[in-house]
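For reference, the structure is listed below as C-alpha coordinates.
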Amino acid sequence: MLRDLTDTEARRALPCKWGQVPDDVLPAWVAEMDYAPAPVVTEAVAEAVAAGMTGYPDFALGGPLGDAYAGFAARHFGHSVDPTGVIPVVDVTAGVRLALDALSEEAPVVMTLPGYPPLISIAEVTGRKRLDLEVDPDATRAELDLDRLDDLLDPAGGGARTVLLTNPHNPWGRAFTRAELEGLRDVVLRRGARVVADEIHAPLVLPGGPRHTPYLSLPGTAGHAVAVVAASKAFNTAGLRCAQLVAGDPATRDTLRAVPAARNDSWSPLGVVAAVAAYTEGDPWLAALIERLDAQRSLLAELLATHLPRARMRPLEATYLAWLDLRAYGVDDPAARILERGRARLAPGHDYHPGLTGHVRLNIATSPERLTEVVRRMATGLTS
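In C-alpha coordinates form, the structure reads like this:
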(Lines of atoms letter the chains of each structure in order from A and count residues from 1; the text may use other names and numbers.)
(Lines give C-alpha, C1' and ligand atoms only; values in the text may rest on other atoms or scores of the structure.)
Protein backbone atom coordinates (compact mmCIF):
# COMPACT_ATOMS: atom_id res chain seq x y z
CA MET A 1 0.00 0.00 0.00
CA LEU A 2 2.92 2.35 0.76
CA ARG A 3 4.95 2.98 -2.39
CA ASP A 4 8.43 4.52 -2.52
CA LEU A 5 8.92 7.16 -5.17
CA THR A 6 11.81 6.62 -7.55
CA ASP A 7 14.40 9.38 -7.72
CA THR A 8 12.88 10.60 -10.99
CA GLU A 9 9.38 10.60 -9.51
CA ALA A 10 10.56 12.35 -6.36
CA ARG A 11 12.25 15.16 -8.30
CA ARG A 12 8.98 15.83 -10.10
CA ALA A 13 6.65 15.33 -7.13
CA LEU A 14 8.70 17.17 -4.49
CA PRO A 15 10.19 20.30 -6.11
CA CYS A 16 11.16 21.78 -2.74
CA LYS A 17 12.87 18.80 -1.14
CA TRP A 18 14.39 17.28 -4.27
CA GLY A 19 14.38 20.22 -6.66
CA GLN A 20 16.63 22.42 -4.52
CA VAL A 21 19.57 20.02 -4.53
CA PRO A 22 21.95 19.00 -7.36
CA ASP A 23 21.49 15.58 -8.90
CA ASP A 24 24.39 14.12 -6.92
CA VAL A 25 22.95 15.18 -3.52
CA LEU A 26 20.53 13.03 -1.51
CA PRO A 27 17.93 15.21 0.27
CA ALA A 28 16.92 14.42 3.84
CA TRP A 29 16.09 17.91 5.06
CA VAL A 30 12.62 19.43 4.58
CA ALA A 31 9.67 17.56 6.15
CA GLU A 32 8.28 15.83 3.08
CA MET A 33 8.08 12.08 2.57
CA ASP A 34 9.53 10.18 -0.39
CA TYR A 35 6.33 8.14 -0.70
CA ALA A 36 3.54 8.31 -3.24
CA PRO A 37 0.43 9.91 -1.72
CA ALA A 38 -2.37 7.72 -0.44
CA PRO A 39 -4.48 6.53 -3.39
CA VAL A 40 -7.70 7.60 -1.66
CA VAL A 41 -6.35 11.15 -1.60
CA THR A 42 -5.05 11.29 -5.17
CA GLU A 43 -8.26 9.73 -6.51
CA ALA A 44 -10.43 12.23 -4.65
CA VAL A 45 -8.35 15.19 -5.86
CA ALA A 46 -8.26 13.88 -9.45
CA GLU A 47 -12.03 13.53 -9.42
CA ALA A 48 -12.41 17.06 -8.08
CA VAL A 49 -10.12 18.50 -10.76
CA ALA A 50 -11.97 16.56 -13.45
CA ALA A 51 -15.19 18.13 -12.17
CA GLY A 52 -13.64 21.58 -12.53
CA MET A 53 -13.20 22.32 -8.82
CA THR A 54 -10.53 24.96 -9.34
CA GLY A 55 -12.33 28.03 -8.03
CA TYR A 56 -12.56 29.66 -4.63
CA PRO A 57 -13.27 27.57 -1.52
CA ASP A 58 -16.49 27.66 0.47
CA PHE A 59 -15.97 30.80 2.54
CA ALA A 60 -19.11 30.01 4.50
CA LEU A 61 -16.90 27.56 6.46
CA GLY A 62 -19.43 24.78 6.06
CA GLY A 63 -19.09 21.45 4.33
CA PRO A 64 -17.75 18.08 5.42
CA LEU A 65 -14.33 19.11 6.76
CA GLY A 66 -15.40 19.53 10.39
CA ASP A 67 -17.17 16.18 10.48
CA ALA A 68 -14.21 14.47 8.83
CA TYR A 69 -11.68 15.81 11.33
CA ALA A 70 -13.97 15.15 14.29
CA GLY A 71 -14.29 11.52 13.23
CA PHE A 72 -10.52 11.20 12.79
CA ALA A 73 -9.81 12.75 16.21
CA ALA A 74 -12.31 10.43 17.89
CA ARG A 75 -10.84 7.29 16.29
CA HIS A 76 -7.16 8.12 16.72
CA PHE A 77 -6.99 10.22 19.89
CA GLY A 78 -10.25 9.53 21.73
CA HIS A 79 -10.93 13.26 21.51
CA SER A 80 -14.44 14.62 21.07
CA VAL A 81 -14.35 17.64 18.73
CA ASP A 82 -17.26 19.90 17.84
CA PRO A 83 -17.29 19.92 14.01
CA THR A 84 -18.48 23.53 13.98
CA GLY A 85 -15.26 24.52 15.75
CA VAL A 86 -13.06 23.23 12.90
CA ILE A 87 -12.09 26.22 10.77
CA PRO A 88 -10.00 25.96 7.58
CA VAL A 89 -6.81 27.98 7.11
CA VAL A 90 -4.18 27.84 4.40
CA ASP A 91 -1.50 26.10 6.49
CA VAL A 92 -0.37 25.62 10.07
CA THR A 93 1.95 28.63 10.19
CA ALA A 94 -0.83 30.88 8.91
CA GLY A 95 -3.18 29.28 11.44
CA VAL A 96 -0.83 30.07 14.30
CA ARG A 97 -0.46 33.63 13.07
CA LEU A 98 -4.22 34.03 12.81
CA ALA A 99 -4.75 32.62 16.30
CA LEU A 100 -2.22 35.06 17.75
CA ASP A 101 -3.76 38.02 15.93
CA ALA A 102 -7.36 37.15 16.76
CA LEU A 103 -7.08 35.69 20.25
CA SER A 104 -3.86 36.74 22.01
CA GLU A 105 -2.87 39.94 23.71
CA GLU A 106 -0.08 42.04 22.24
CA ALA A 107 2.41 40.68 24.72
CA PRO A 108 5.42 38.33 24.53
CA VAL A 109 5.01 34.78 23.24
CA VAL A 110 6.81 31.78 24.73
CA MET A 111 8.48 29.60 22.11
CA THR A 112 10.19 26.30 22.83
CA LEU A 113 13.73 25.92 21.47
CA PRO A 114 14.69 24.02 19.44
CA GLY A 115 11.65 24.87 17.35
CA TYR A 116 10.26 24.90 13.83
CA PRO A 117 11.97 27.86 12.08
CA PRO A 118 8.84 29.58 10.68
CA LEU A 119 7.32 29.51 14.17
CA ILE A 120 10.49 30.90 15.74
CA SER A 121 9.85 34.08 13.76
CA ILE A 122 6.06 34.14 14.23
CA ALA A 123 6.12 36.38 17.32
CA GLU A 124 8.07 39.07 15.49
CA VAL A 125 5.84 38.74 12.43
CA THR A 126 2.81 39.49 14.62
CA GLY A 127 4.51 42.39 16.39
CA ARG A 128 5.30 40.52 19.59
CA LYS A 129 8.47 39.68 21.49
CA ARG A 130 9.63 36.05 21.60
CA LEU A 131 10.71 34.54 24.91
CA ASP A 132 12.58 31.26 24.63
CA LEU A 133 11.89 28.16 26.69
CA GLU A 134 15.07 26.23 25.94
CA VAL A 135 15.79 22.56 26.36
CA ASP A 136 19.27 21.73 27.62
CA PRO A 137 21.02 20.02 24.68
CA ASP A 138 22.73 17.71 27.19
CA ALA A 139 19.49 16.58 28.86
CA THR A 140 18.77 12.87 28.67
CA ARG A 141 15.21 13.53 27.54
CA ALA A 142 13.71 16.72 26.17
CA GLU A 143 11.26 18.01 28.74
CA LEU A 144 9.46 21.29 29.36
CA ASP A 145 10.92 23.36 32.19
CA LEU A 146 7.69 24.36 33.92
CA ASP A 147 9.44 26.51 36.54
CA ARG A 148 11.07 28.51 33.76
CA LEU A 149 7.71 28.71 31.96
CA ASP A 150 6.13 30.07 35.12
CA ASP A 151 8.81 32.78 35.27
CA LEU A 152 8.21 33.72 31.62
CA LEU A 153 4.46 34.04 32.26
CA ASP A 154 4.92 35.99 35.50
CA PRO A 155 3.96 39.67 34.95
CA ALA A 156 6.95 40.59 37.11
CA GLY A 157 9.21 38.39 34.99
CA GLY A 158 8.83 37.84 31.26
CA GLY A 159 5.25 39.03 31.02
CA ALA A 160 4.32 36.55 28.30
CA ARG A 161 0.64 35.92 27.69
CA THR A 162 0.75 33.10 25.11
CA VAL A 163 2.55 29.75 24.93
CA LEU A 164 3.21 28.31 21.50
CA LEU A 165 3.17 24.55 22.09
CA THR A 166 4.33 22.08 19.43
CA ASN A 167 2.79 18.69 20.29
CA PRO A 168 4.23 16.29 19.13
CA HIS A 169 7.40 18.29 18.94
CA ASN A 170 9.46 19.12 15.88
CA PRO A 171 12.45 18.67 15.96
CA TRP A 172 12.68 16.89 19.32
CA GLY A 173 10.51 13.99 18.16
CA ARG A 174 8.74 14.05 21.53
CA ALA A 175 5.17 12.96 22.15
CA PHE A 176 4.37 14.75 25.39
CA THR A 177 2.66 12.66 28.06
CA ARG A 178 -0.68 13.58 29.50
CA ALA A 179 0.99 14.36 32.82
CA GLU A 180 3.44 16.76 31.15
CA LEU A 181 0.62 18.57 29.38
CA GLU A 182 -1.41 18.76 32.58
CA GLY A 183 1.57 20.40 34.27
CA LEU A 184 1.79 22.96 31.48
CA ARG A 185 -1.97 23.55 31.69
CA ASP A 186 -1.76 24.20 35.43
CA VAL A 187 0.95 26.83 34.97
CA VAL A 188 -1.01 28.51 32.17
CA LEU A 189 -4.22 28.55 34.21
CA ARG A 190 -2.44 29.97 37.24
CA ARG A 191 -1.02 32.79 35.12
CA GLY A 192 -4.19 33.39 33.07
CA ALA A 193 -2.35 32.86 29.79
CA ARG A 194 -3.29 31.29 26.46
CA VAL A 195 -1.99 28.27 24.50
CA VAL A 196 -1.75 27.89 20.73
CA ALA A 197 -1.02 24.21 20.08
CA ASP A 198 0.58 23.20 16.79
CA GLU A 199 -0.48 19.54 16.46
CA ILE A 200 0.32 18.92 12.80
CA HIS A 201 2.34 15.79 13.64
CA ALA A 202 -0.37 14.27 15.85
CA PRO A 203 -1.10 11.31 13.52
CA LEU A 204 2.60 10.38 13.47
CA VAL A 205 3.13 9.01 16.98
CA LEU A 206 5.23 5.85 16.71
CA PRO A 207 4.81 2.54 18.59
CA GLY A 208 6.27 2.21 22.07
CA GLY A 209 5.89 5.81 23.19
CA PRO A 210 3.11 7.89 24.73
CA ARG A 211 -0.15 8.14 22.83
CA HIS A 212 -0.86 11.58 21.40
CA THR A 213 -2.84 13.67 23.87
CA PRO A 214 -4.52 16.68 22.23
CA TYR A 215 -4.05 19.68 24.49
CA LEU A 216 -7.73 20.57 24.11
CA SER A 217 -8.72 17.12 25.39
CA LEU A 218 -7.52 18.08 28.88
CA PRO A 219 -10.12 19.45 31.32
CA GLY A 220 -9.82 23.17 31.84
CA THR A 221 -8.24 24.02 28.48
CA ALA A 222 -11.22 24.89 26.27
CA GLY A 223 -11.42 28.53 27.30
CA HIS A 224 -7.75 29.41 26.82
CA ALA A 225 -6.51 27.26 23.94
CA VAL A 226 -6.80 26.61 20.24
CA ALA A 227 -5.16 23.84 18.21
CA VAL A 228 -3.85 23.95 14.65
CA VAL A 229 -3.99 20.62 12.82
CA ALA A 230 -3.67 19.30 9.28
CA ALA A 231 -3.51 16.12 7.23
CA SER A 232 -0.54 17.50 5.32
CA LYS A 233 2.37 15.97 7.27
CA ALA A 234 0.84 12.52 7.70
CA PHE A 235 -0.44 12.32 4.11
CA ASN A 236 2.16 14.43 2.25
CA THR A 237 -0.32 17.01 0.97
CA ALA A 238 1.31 20.32 2.00
CA GLY A 239 1.04 21.71 -1.54
CA LEU A 240 -2.74 21.39 -1.48
CA ARG A 241 -2.93 24.15 1.15
CA CYS A 242 -5.47 23.35 3.81
CA ALA A 243 -4.96 23.18 7.58
CA GLN A 244 -7.53 23.59 10.34
CA LEU A 245 -7.92 25.61 13.50
CA VAL A 246 -9.78 23.73 16.23
CA ALA A 247 -11.59 25.89 18.75
CA GLY A 248 -12.22 24.59 22.26
CA ASP A 249 -15.38 26.51 23.04
CA PRO A 250 -18.16 28.47 21.26
CA ALA A 251 -16.69 31.87 22.14
CA THR A 252 -13.34 31.02 20.55
CA ARG A 253 -15.08 29.49 17.54
CA ASP A 254 -17.22 32.57 17.00
CA THR A 255 -14.22 34.90 17.31
CA LEU A 256 -12.29 32.94 14.71
CA ARG A 257 -15.24 32.67 12.36
CA ALA A 258 -15.73 36.43 12.53
CA VAL A 259 -12.19 37.17 11.32
CA PRO A 260 -12.32 39.09 8.00
CA ALA A 261 -11.43 37.03 4.93
CA ALA A 262 -8.42 39.25 4.23
CA ARG A 263 -6.90 38.08 7.53
CA ASN A 264 -7.38 34.36 6.89
CA ASP A 265 -5.35 33.41 3.82
CA SER A 266 -7.58 31.61 1.33
CA TRP A 267 -7.25 27.85 1.63
CA SER A 268 -7.65 25.56 -1.36
CA PRO A 269 -10.87 23.69 -2.17
CA LEU A 270 -8.67 20.85 -3.40
CA GLY A 271 -6.97 20.86 -0.01
CA VAL A 272 -10.36 20.41 1.62
CA VAL A 273 -11.09 17.47 -0.68
CA ALA A 274 -7.72 15.91 0.16
CA ALA A 275 -8.15 16.42 3.91
CA VAL A 276 -11.65 14.95 3.93
CA ALA A 277 -10.45 11.90 1.99
CA ALA A 278 -7.46 11.45 4.28
CA TYR A 279 -9.46 11.84 7.49
CA THR A 280 -12.30 9.57 6.42
CA GLU A 281 -10.64 6.91 4.25
CA GLY A 282 -6.91 7.12 4.94
CA ASP A 283 -6.57 4.97 8.07
CA PRO A 284 -5.20 1.84 6.32
CA TRP A 285 -2.56 3.88 4.45
CA LEU A 286 -1.63 5.73 7.64
CA ALA A 287 -1.19 2.42 9.48
CA ALA A 288 1.19 1.25 6.75
CA LEU A 289 3.10 4.53 7.04
CA ILE A 290 3.51 4.17 10.81
CA GLU A 291 4.79 0.61 10.31
CA ARG A 292 7.38 1.86 7.82
CA LEU A 293 8.49 4.76 10.01
CA ASP A 294 8.87 2.43 12.97
CA ALA A 295 11.16 0.23 10.87
CA GLN A 296 13.09 3.28 9.64
CA ARG A 297 13.60 4.44 13.21
CA SER A 298 15.15 1.09 14.11
CA LEU A 299 17.25 1.10 10.97
CA LEU A 300 18.58 4.57 11.74
CA ALA A 301 19.71 3.47 15.20
CA GLU A 302 21.58 0.53 13.66
CA LEU A 303 23.16 2.70 10.97
CA LEU A 304 24.34 5.32 13.44
CA ALA A 305 25.83 2.66 15.70
CA THR A 306 27.77 1.31 12.72
CA HIS A 307 28.80 4.46 10.85
CA LEU A 308 28.59 7.30 13.40
CA PRO A 309 28.93 5.67 16.83
CA ARG A 310 29.56 8.99 18.59
CA ALA A 311 26.27 10.46 17.34
CA ARG A 312 23.56 11.00 19.94
CA MET A 313 19.94 10.61 18.83
CA ARG A 314 17.10 11.77 21.01
CA PRO A 315 14.41 9.10 21.43
CA LEU A 316 12.16 9.39 18.38
CA GLU A 317 8.64 9.01 19.76
CA ALA A 318 6.78 10.85 17.01
CA THR A 319 7.26 12.46 13.58
CA TYR A 320 9.72 11.21 10.97
CA LEU A 321 12.34 13.78 11.95
CA ALA A 322 15.33 12.67 14.00
CA TRP A 323 17.20 15.27 16.09
CA LEU A 324 20.89 14.30 16.10
CA ASP A 325 23.68 15.63 18.31
CA LEU A 326 26.93 15.37 16.35
CA ARG A 327 29.08 17.61 18.56
CA ALA A 328 31.41 14.70 19.31
CA TYR A 329 32.72 15.02 15.75
CA GLY A 330 34.01 18.54 16.43
CA VAL A 331 32.16 20.33 13.64
CA ASP A 332 30.12 23.43 14.44
CA ASP A 333 27.94 23.12 11.31
CA PRO A 334 27.76 19.41 10.50
CA ALA A 335 24.99 19.92 7.92
CA ALA A 336 27.27 22.13 5.83
CA ARG A 337 30.18 19.68 6.16
CA ILE A 338 27.98 16.71 5.21
CA LEU A 339 26.63 18.55 2.18
CA GLU A 340 30.09 19.59 1.03
CA ARG A 341 31.96 16.34 1.58
CA GLY A 342 29.24 13.70 1.74
CA ARG A 343 26.68 15.08 -0.74
CA ALA A 344 23.64 14.66 1.49
CA ARG A 345 21.48 17.57 2.59
CA LEU A 346 20.21 17.65 6.17
CA ALA A 347 18.62 20.53 8.08
CA PRO A 348 21.16 22.46 10.20
CA GLY A 349 20.44 22.52 13.91
CA HIS A 350 21.06 26.25 14.25
CA ASP A 351 17.95 26.89 12.11
CA TYR A 352 15.91 25.36 14.95
CA HIS A 353 17.91 26.72 17.86
CA PRO A 354 19.85 29.87 16.95
CA GLY A 355 23.37 29.67 18.29
CA LEU A 356 23.32 25.91 18.88
CA THR A 357 26.21 24.10 17.22
CA GLY A 358 26.77 20.49 16.23
CA HIS A 359 23.18 19.40 15.59
CA VAL A 360 21.17 18.35 12.54
CA ARG A 361 17.61 17.27 11.78
CA LEU A 362 17.36 14.15 9.62
CA ASN A 363 14.23 13.13 7.70
CA ILE A 364 13.82 9.32 7.79
CA ALA A 365 10.66 9.17 5.63
CA THR A 366 12.30 7.55 2.66
CA SER A 367 13.28 4.09 1.50
CA PRO A 368 15.59 1.89 3.61
CA GLU A 369 18.13 2.04 0.80
CA ARG A 370 18.16 5.83 0.68
CA LEU A 371 18.36 6.15 4.47
CA THR A 372 21.31 3.75 4.50
CA GLU A 373 23.06 5.83 1.84
CA VAL A 374 22.31 9.11 3.63
CA VAL A 375 23.93 7.89 6.85
CA ARG A 376 26.90 6.51 4.91
CA ARG A 377 27.33 9.94 3.31
CA MET A 378 27.01 11.61 6.70
CA ALA A 379 29.89 9.48 7.94
CA THR A 380 31.94 10.36 4.86
CA GLY A 381 31.30 14.05 5.48
CA LEU A 382 32.21 13.98 9.15
CA THR A 383 35.05 11.49 9.30
CA SER A 384 36.90 11.84 6.01
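So the number in the working numbering is just where the residue sits in the sequence shown, counting from 1, plus 10.
Beta carbons: idealized from backbone N, C-alpha and C, even for Gly.
Where does the unbroken beta strand (DSSP E) through residue i begin, and where does it stop?
| i | result |
| --- | --- |
| Gln-254 | 253-257 |
| Met-388 | No beta strand (DSSP E) holds Met-388; the alpha helix (DSSP H) holding it covers 378-393. |
| Asp-142 | 140-144 |
| Thr-122 | 119-123 |
| His-369 | 369-373 |
| Ala-240 | Careful: Ala-240 lies outside any beta strand (DSSP E) and carries neither H nor E. |
Compute every distance between the C-beta of residue i and the non-hydrogen atoms of the ligand ADP, then say whether any falls below 7 Å.
| i | result |
| --- | --- |
| Val-96 | Among the components of this structure there are no ligands whatsoever, and the ligand ADP is therefore not found. |
Just tell me which of the options has its CA closest to the CA of residue i.
| i | options | result |
| --- | --- | --- |
| Pro-178 | Pro-213, Thr-262, Arg-204 | Pro-213 |
| Gly-193 | His-211, Val-215, Leu-159 | Leu-159 |
| His-234 | Val-100, Ala-305, Ala-109 | Ala-109 |
| Glu-301 | Val-119, Pro-217, Arg-320, Val-197 | Pro-217 |
| Ser-368 | Tyr-330, Arg-307, Met-121, Val-341 | According to the sequence provided, residue 368 is Gly. The question's Ser does not apply to it. Gly-368 has its Cα closest to that of Val-341, out of Tyr-330, Arg-307, Met-121, Val-341. |
| Leu-71 | Gln-254, Gly-29, Leu-156, Leu-356 | Gln-254 |
| Asp-259 | Ala-232, Leu-174, Ala-112 | Ala-232 |
| Ala-272 | Pro-32, Thr-52, Trp-28, Val-100 | Val-100 |
| Ala-375 | Leu-199, Pro-47, Arg-320 | Pro-47 |
| Gln-30 | Glu-379, Ala-357, Val-197, Pro-319 | Ala-357 |
| Asp-157 | Val-197, Arg-138, Arg-188 | Val-197 |
| Asp-304 | Val-370, Gly-183, Glu-57 | Gly-183 |
| Leu-266 | Ala-237, Met-323, Asp-293, Pro-294 | Ala-237 |
| Ala-149 | Val-106, Pro-325, Ala-354 | Pro-325 |
| Gly-81 | Gly-292, Asp-17, Val-205, Glu-57 | Gly-292 |
| Ala-185 | Gly-359, Arg-22, Tyr-330 | Tyr-330 |
| Thr-316 | Met-388, Val-50, Phe-245 | Met-388 |
| Ser-308 | Thr-382, Arg-22, Arg-13 | Thr-382 |
Which class does residue i belong to by DSSP, given the choice of helix, strand or coil?
| i | result |
| --- | --- |
| Trp-333 | strand |
| Pro-49 | helix |
| Tyr-16 | Looking at the sequence shown, residue 16 is not Tyr but Thr. Three-state DSSP puts Thr-16 in coil, outside helix and strand. |
| Val-205 | strand |
| Leu-303 | helix |
| Ile-130 | helix |
| Ala-354 | strand |
| Ala-149 | coil |
| Thr-176 | strand |
| Pro-98 | strand |
| Val-215 | strand |
| Ala-41 | coil |
| Arg-324 | coil |
| Leu-71 | coil |
| Ala-232 | coil |
| Leu-366 | coil |
| Leu-36 | strand |
| Leu-24 | coil |
| Glu-116 | coil |
| Thr-103 | helix |
| Ala-338 | helix |
| Ala-298 | helix |
| Ser-276 | coil |
| Val-198 | helix |
| Asp-361 | helix |
| Ser-308 | helix |
Sorted by chain position, which residues of the same chain lie with C-beta nearer than 7 Å to residue i's C-beta, five sequence neighbours on each side aside?
| i | result |
| --- | --- |
| Arg-351 | Thr-390, Gly-391, Ser-394 |
| Met-11 | Pro-294, Trp-295, Ala-298 |
Keeping to the same chain, check which residues put their C-beta closer than 8 Å to that of residue i; ignore five residues upstream and five downstream.
| i | result |
| --- | --- |
| Arg-263 | Asp-92, Thr-94, Gly-95, Ile-97, Ala-257 |
| Met-63 | Pro-279, Leu-280, Val-283 |
| Arg-347 | Val-341, Gly-391, Leu-392 |
| Gly-230 | Arg-195, Leu-199 |
Output needed for residue i: all residues of its chain with C-beta closer than 6 Å, excluding positions within five of it in sequence on either side, in chain order.
| i | result |
| --- | --- |
| His-89 | Ala-83, Pro-224, Ser-227 |
| Pro-147 | none |
| Asp-44 | Leu-15, Ala-20, Thr-376 |
| Ala-78 | Val-286, Tyr-289, Thr-290 |
| Asp-361 | Pro-127 |
| Leu-250 | Ser-278, Leu-280, Gly-281, Ala-284 |
| Leu-349 | Arg-355 |
| Cys-26 | Val-40 |
| Gly-73 | none |
| Glu-42 | Leu-24, Lys-27 |
| Thr-18 | none |
Below 8 Å on the Cβ atoms is my guess for residue i versus residue j; work out the distance and round it to an integer in Å.
| i | j | result |
| --- | --- | --- |
| Glu-144 | Leu-129 | Actually they do not touch by this definition, with Cβ atoms about 15 Å apart. |
| Ala-288 | Ala-241 | 4 Å |
| Gly-168 | Pro-220 | That belief does not hold up - the Cβ atoms of Gly-168 and Pro-220 are roughly 28 Å apart, past 8 Å. |
| Leu-154 | Glu-190 | 6 Å |
| Asp-36 | Val-384 | Note that residue 36 is Leu in the sequence shown here, rather than Asp. Confirmed, about 5 Å. |
| Thr-172 | Tyr-126 | With a Cβ gap of about 16 Å, Thr-172 and Tyr-126 do not count as contacting. |
| Ala-170 | Leu-163 | 5 Å |
| Val-102 | Asp-208 | 6 Å |
| Leu-415 | Leu-334 | In the structure displayed, the chain extends from 11 to 394; residue 415 sits before or after that span and is not available. |
| His-211 | Lys-243 | 6 Å |
| Val-106 | Thr-247 | 19 Å between Cβ atoms; not a contact. |
The alpha helix (DSSP H) spanning residue i covers which residue range?
| i | result |
| --- | --- |
| Thr-396 | A query on residue 396 cannot be resolved here, the shown segment of the chain reaching from 11 to 394 and no further. |
| Ala-261 | 260-267 |
| Arg-426 | An answer regarding residue 426 cannot be provided, because it is not within the stretch 11 to 394 covered by the chain. |
| Gly-81 | 75-87 |
| Asp-157 | 156-163 |
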